[in-house]
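To start, the structure itself, in structure tokens.
Number of protein chains: 2
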Amino acid sequence: MRIALLGFGTVGKGVYEIIKKAKMQTQGLTVSRILIRSGKKKILPEMTDSIAEIINDDEVDVVVEAIGGIEPAHAYILEALNHQKHVVTANKAVIAKYLKEFTDVANKNHVKFYFEASVGGGIPWIQGLEKALRIDNVDCISGIFNGTSNFILDQMSKNNQSFAEVLSKAQKLGYAENDPSADIDGVDIANKLCISADIAYNIKISDRDRLPIFGIRNIRSEDVRYFERKGYLVKLLGLTHKLNNEYDYVVEPALMRKDSLEANTPGNYNLISLNGETIGKLDFFGQGAGMFPTANAVVQDILDIKENKQHLERNFDEKVQYDANIFQQDYVVRANFDVKDLFKDFDLIEEEQYVYVHQISVGKMHKLMDFVLEKDPRAFMAGLPDTIQKNVISNKEIVNQGVIA
Amino acid sequence: MRIALLGFGTVGKGVYEIIKKAKMQTQGLTVSRILIRSGKKKILPEMTDSIAEIINDDEVDVVVEAIGGIEPAHAYILEALNHQKHVVTANKAVIAKYLKEFTDVANKNHVKFYFEASVGGGIPWIQGLEKALRIDNVDCISGIFNGTSNFILDQMSKNNQSFAEVLSKAQKLGYAENDPSADIDGVDIANKLCISADIAYNIKISDRDRLPIFGIRNIRSEDVRYFERKGYLVKLLGLTHKLNNEYDYVVEPALMRKDSLEANTPGNYNLISLNGETIGKLDFFGQGAGMFPTANAVVQDILDIKENKQHLERNFDEKVQYDANIFQQDYVVRANFDVKDLFKDFDLIEEEQYVYVHQISVGKMHKLMDFVLEKDPRAFMAGLPDTIQKNVISNKEIVNQGVIA
Chain C
1 MRIALLGFGT VGKGVYEIIK KAKMQTQGLT VSRILIRSGK KKILPEMTDS
51 IAEIINDDEV DVVVEAIGGI EPAHAYILEA LNHQKHVVTA NKAVIAKYLK
101 EFTDVANKNH VKFYFEASVG GGIPWIQGLE KALRIDNVDC ISGIFNGTSN
151 FILDQMSKNN QSFAEVLSKA QKLGYAENDP SADIDGVDIA NKLCISADIA
201 YNIKISDRDR LPIFGIRNIR SEDVRYFERK GYLVKLLGLT HKLNNEYDYV
251 VEPALMRKDS LEANTPGNYN LISLNGETIG KLDFFGQGAG MFPTANAVVQ
301 DILDIKENKQ HLERNFDEKV QYDANIFQQD YVVRANFDVK DLFKDFDLIE
351 EEQYVYVHQI SVGKMHKLMD FVLEKDPRAF MAGLPDTIQK NVISNKEIVN
401 QGVIA
Chain B
1 MRIALLGFGT VGKGVYEIIK KAKMQTQGLT VSRILIRSGK KKILPEMTDS
51 IAEIINDDEV DVVVEAIGGI EPAHAYILEA LNHQKHVVTA NKAVIAKYLK
101 EFTDVANKNH VKFYFEASVG GGIPWIQGLE KALRIDNVDC ISGIFNGTSN
151 FILDQMSKNN QSFAEVLSKA QKLGYAENDP SADIDGVDIA NKLCISADIA
201 YNIKISDRDR LPIFGIRNIR SEDVRYFERK GYLVKLLGLT HKLNNEYDYV
251 VEPALMRKDS LEANTPGNYN LISLNGETIG KLDFFGQGAG MFPTANAVVQ
301 DILDIKENKQ HLERNFDEKV QYDANIFQQD YVVRANFDVK DLFKDFDLIE
351 EEQYVYVHQI SVGKMHKLMD FVLEKDPRAF MAGLPDTIQK NVISNKEIVN
401 QGVIA
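Residue numbers (full-length UniProt numbering), protein chains in the order written: chain C, 1 to 405; chain B, 1 to 405.
Next up, the structure:
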């Protein structure tokens with residue numbers, strides 16, 4: 001089986017190294033071509049800067065897209081699929097946006113589009129989820145989907161350092177990018193949660209701009225210390241529930257009890273969980289990023305293609321609607337002005353510089369928090385997932401009652 | 001695909017219920033026969049007390065062995081395989097003993113023998129391990145493989161209750177058998193660890209009587225309290241390492257730091273971990289027992305057979321030898337007499353009624369502990385896995401040095 005790598009950064013190099021391992025040499029895998037940027041030095045005989053050369057090479061069976069970003073990754077993946085090449089990628093941004101298109105084009109061309117490495121790196125999460133779905137409906141997915149933000153929160157907690165200090169350390173260690181926004185503002189988690197929900201509910205999440213996302217950019221040492229005194233660690237969670245034909249979806253800081261698995265997920269590890277009817281709660285823990293764990297997941301997909309192991313078929317066309325208000329929970333807010341009036345419709349408790357808002361829907365909370373941020377751009381909030389309750393009277397039902405009355 | 005259930009206890013009933021689910025009805029699975037004990041009332045039309053009737057039914061594709069124990073399970077599985085029926089089972093005792101024989105007979109008859117549910121119940125552990133092995137050598141497996149013993153230790157810790165009180169509660173809740181020996185003395189864990197090591201190292205562990213196993217029957221509330229003051233929770237672990245062509249294997253109580261995943265594995269949950277060269281540490285957490293999680297894993301195997309998804313091929317004939325002395329760690333011992341002379345070859349620290357033995361090999365420790373138990377049958381010990389080190393000079397090397405000198 002002949003493999004072309006698009007890109008030779010961390011993931012591309014990792015795949016190249018793993019395929020060269022003694023144990024893999026019996027499997028008949030070869031990297032036959034490597035796409036590099038034009039102008040870059042061709043240090044290996046397989047290297048080329050022509051995508052056309054790869055796409056038109058009839059001997060290439062699998063294309064591994066390891067460029068990252070939206071374009072040209074999107075265009076190259078489509079070209080490869082349309083030239084009857086299987087495609088494997090770890091690129092969550094492009095998958096979150098185009099999963100349905102890639103799947104449709106792959107099906108039309110009778111080839112595979114596999115992407116285990118895109119969520120949770122080396123953790124066999126996508127297949128774990130797909131396997132659970134063979135038997136169960138999955139009504140909750142949650143977890144720590146991003147190692148960089150978890151590393152920052154973990155270090156803030158363990159070393160009593162400020163957000164800025166730890167971020168700078170993470171950048172030096174190569175755990176965080178120079179522009180850390182995707183990791184700390186929750187965009188990376190939102191992509192991974194979107195892919196997971198697409199599969200779990202067999203839908204295509206579009207219109208993602210309206211989905212509630214709140215990152216950890218504003219967290220302070222004093223917040224971490226205060227929450228620890230209350231028995232909690234702060235974690236940046238991705239969370240989605242399904243209830244009948246509606247789902248919610250949120251990325252936000254969450255206060256996790258010290259004896260929870262989430263609170264005990266250290267450093268740059270990931271923890272991803274699902275809940276199914278018969279399987280119950282199932283958790284996957286491991287390295288969510290890094291050269292070899294991620295490359296391992298890419299090679300697992302290549303082996304599945306070679307062994308003709310079908311992944312779960314999805315057409316992403318179920319009628320399940322997003323609803324920001326099907327679940328409610330308690331939140332805690334820190335702002336430099338009095339927020340009590342803004343949240344006056346809810347039971348409030350004040351403690352030190354924090355206000356606890358009792359049983360507010362996720363959608364409502366994030367909307368009100370936008371107002372808070374307008375007045376105090378450094379304000380912070382966190383949810384308390386232990387207090388999550390199904391919203392007994394959803395907004396829609398209230399409207400209906402109004403009409404009936 | 002027509003399925004025969006041997007046995008209609010917890011697992012058999014669970015499989016029956018899951019296959020009747022709406023989501024499963026599209027998969028074309030049917031339970032066509034159920035073997036019950038002769039004399040029992042046939043409450044369902046599929047029921048029979050004749051194994052011959054099932055074995056000779058050419059329309060049965062898959063036999064699910066859910067009787068438990070060694071015989072007649074072993075004989076029935078062989079008969080089914082020899083009649084070209086696929087076999088799925090959750091019966092760890094019979095697999096730990098006969099995995100190689102079942103695999104050989106299944107291969108000869110071109111049918112499958114699958115057993116995901118045997119280790120970790122609903123946790124996709126066997127496949128997770130098999131998948132890791134496609135790319136990596138796995139050099140460490142560890143975990144909390146038994147929910148009953150974990151429930152007991154968790155309750156002792158949380159409620160400050162005695163071992164006997166919690167055991168009695170677990171028996172009332174149905175978490176523990178009337179004869180709890182397999183769970184609390186480590187036999188159940190030993191079976192699951194044996195199956196895992198057979199697969200990981202591609203060996204057949206025989207001569208299991210000599211393998212070191214120490215259960216939790218002797219643990220006291222005061223031990224739990226003392227270890228907690230030191231920052232540890234006690235967990236009953238199964239643990240195996242591989243080093244070159246040798247492996248070790250132990251079931252024993254272990255002191256786990258409060259912020260470890262193991263210490264935060266509550267109630268009757270399981271946590272099973274592997275370490276691979278490229279994948280790193282990968283952990284699986286979930287319900288290790290119970291009707292539906294276990295039955296879910298059985299049905300997953302049935303679906304793999306239906307979809308012709310091959311599991312990893314193993315012939316269990318690698319030349320890897322058991323060595324009780326390749327790793328060493330610290331231990332703590334409680335006995336009602338002075339054990340310092342017994343352990344005089346090791347650095348010792350005494351504290352309260354406990355003696356810490358510094359860097360002793362697992363094999364040596366368990367041998368010396370046999371002497372301790374002869375004098376004090378209520379003595380207790382626990383390992384400190386944080387202190388594990390490769391035995392730099394193994395016994396074999398010492399012998400060789402002697403010969404050379």
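No residue lacks a Cβ here, since even glycine has one placed at the ideal position from N, Cα and C.
What you are looking at is a predicted structure, and each value in this text was computed from that prediction instead of being measured.
Distance between beta carbons of V119 of chain C and A66 of chain C, contact taken as under 8 Å: The pair is not a contact, with the Cβ atoms about 16 Å apart (cut-off 8 Å).
field: Residue range of the unbroken beta strand (DSSP E) whose run includes E71 of chain C
entry: Run containing E71 of chain C: none; DSSP gives neither H nor E here.
- prompt: Alpha carbon to alpha carbon, what distance is there between L255 of chain C and F346 of chain C?
  reply: 20 Å
query: Taking the Cβ atom as the reference point for each residue, do T294 of chain C and G121 of chain C lie within a distance shorter than 8 Å?
result: yes
message: For K131 of chain C and F285 of chain B, I'd like the C-alpha separation in whole angstroms.
response: Taking the straight line joining both Cα atoms gives about 16 Å.
- request: Would you mind working out which of B:D49, B:Y322, B:A80 and B:V62 sits nearest D209 of chain B, comparing C-alpha positions?
  value: B:Y322
- request: List the DSSP bridge partners of K235 of chain B.
  value: B:A254
query: Given G12 of chain B, which residues of its chain have a CB within under 6 Å of its CB, disregarding the five upstream and five downstream residues?
result: L5 and A66
message: Strictly below 9 Å CB to CB, what residues from chain A border D259 of chain B?
response: Judged by its chain identifiers, the structure shown contains no chain A, and its protein chains are C and B.
- prompt: Which two residues bound the contiguous beta strand (DSSP E) that contains I219 of chain C?
  reply: Note, I219 of chain C: premise wrong, no beta strand (DSSP E); not H, not E.
message: Once DSSP output is grouped into helix, strand and coil, what is the label at M156 of chain B?
response: Looking at M156 of chain B - three-state DSSP - the assignment turns out to be helix.
- prompt: By Cβ distance, which residues of its chain are closer than 8 Å to Q287 of chain B, with the 5 residues on each side in sequence left out?
  reply: G121, G122, I123, G147, N268, Y269, N270 and P293
- request: Using 10 angstroms around the beta-carbon of E59 of chain C, count the other beta-carbons present and answer buried if the total reaches 16, otherwise exposed.
  value: exposed
- request: Starting from F380 of chain C, follow its DSSP beta bridges and name the residues at the other end.
  value: DSSP, once it has assigned bridges, lists C:R334 as partnering F380 of chain C.
task: Following the continuous beta strand (DSSP E) through S273 of chain B, name the residue where it begins and the one where it ends.
output: Y269 to G276
message: Taking only three categories from DSSP, how would you classify Q310 of chain C?
response: Q310 of chain C falls in the coil class under three-state DSSP.
task: Verify whether the separation of the beta carbon atoms of D330 of chain C and V355 of chain C is less than 8 Å.
output: no
message: Please classify L173 of chain B as buried or exposed, where buried requires at least 16 other C-beta atoms within 10 Å of its C-beta.
response: exposed
Contact with chain B by A295 of chain C, beta-carbon distance below 8 Å: Among the residues facing chain B, A295 of chain C is included, as its CB has a counterpart in that chain under 8 Å away.
message: For the region 289-313 of chain B, list every residue whose C-beta sits within 8 Å of some C-beta in chain C, in sequence order.
response: G290, F292, P293, A295, N296, V299, Q300, L303, E307, K309 and Q310
Residue span of the beta strand (DSSP E) that contains G128 of chain B, given as start and end: From DSSP, G128 of chain B is part of no beta strand (DSSP E) but of the alpha helix (DSSP H) over W125 to I135.
query: From the beta carbon of N3 of chain C, is the nearest beta carbon of chain B less than 8 Å away?
result: According to the sequence provided, residue 3 of chain C is Ile. The question's Asn does not apply to it. Chain B places no beta carbon closer than 8 Å to that of I3 of chain C, leaving this residue out of the contacts.
Anticipated Cβ contact below 8 Å, L193 of chain B with T265 of chain B, distance rounded: With a Cβ gap of about 16 Å, L193 of chain B and T265 of chain B do not count as contacting.
query: If you measure from the beta carbon of D283 of chain C to each beta carbon in chain B, is any gap under 8 Å?
result: D283 of chain C belongs to the set of residues whose beta carbon lies under 8 Å from a beta carbon in chain B.
message: Using only the alpha-carbon positions, how far apart do E222 of chain B and R134 of chain B sit?
response: The alpha-carbon separation between E222 of chain B and R134 of chain B amounts to approximately 46 Å.
field: Residue closest to D136 of chain B, alpha-carbon to alpha-carbon, out of C:V105, C:W125, C:A297 and C:Q161
entry: C:A297
Contact belief for V105 of chain C with N82 of chain C at Cβ below 8 Å, rounded distance in angstroms: 6 Å
- prompt: Quick one: what does DSSP say K340 of chain B is sitting in, helix, strand or coil?
  reply: If DSSP states are grouped into helix, strand and coil, K340 of chain B belongs with coil.
query: Shorter than 8 Å from the beta carbon of I404 of chain B to some beta carbon of chain C?
result: With a pLDDT of 31 at I404 of chain B, under the threshold of 50, the modelled position of that residue is not reliable, and the figure given next carries that caveat. It does not; no Cβ of chain C falls within 8 Å.
- prompt: Hey, how far is the Cα of I398 of chain C from the Cα of S142 of chain C?
  reply: Note that I398 of chain C has pLDDT 37, beneath the 50 cutoff, so the model's placement of it is unreliable and the number below is only indicative. If you take the alpha carbons of I398 of chain C and S142 of chain C, they lie about 28 Å apart.
query: Comparing alpha-carbon positions, which option in C:F227, C:N336, C:A80 and C:P45 lies nearest N107 of chain C?
result: C:A80
message: So that I know if they touch, is there some Cβ in chain C lying closer than 8 Å to that of G143 of chain B?
response: no
Endpoints, the alpha helix (DSSP H) within which F346 of chain C is located: Unbroken run through F346 of chain C: none, as it is neither H nor E.
- request: Classify Q328 of chain C as buried or exposed, calling it buried when 16 or more other Cβ atoms lie within 10 Å of its own Cβ.
  value: With 16 or more other Cβ atoms within 10 Å, it is buried.
- prompt: How would you list, in chain order, the residues of chain B whose beta-carbon sits under 7 Å from the beta-carbon of P124 of chain C?
  reply: G128 and K131
- request: Can you tell me which of B:S32, B:T48 and B:L233 puts its alpha carbon nearest to the alpha carbon of G39 of chain B?
  value: Nearest C-alpha to G39 of chain B: B:T48.
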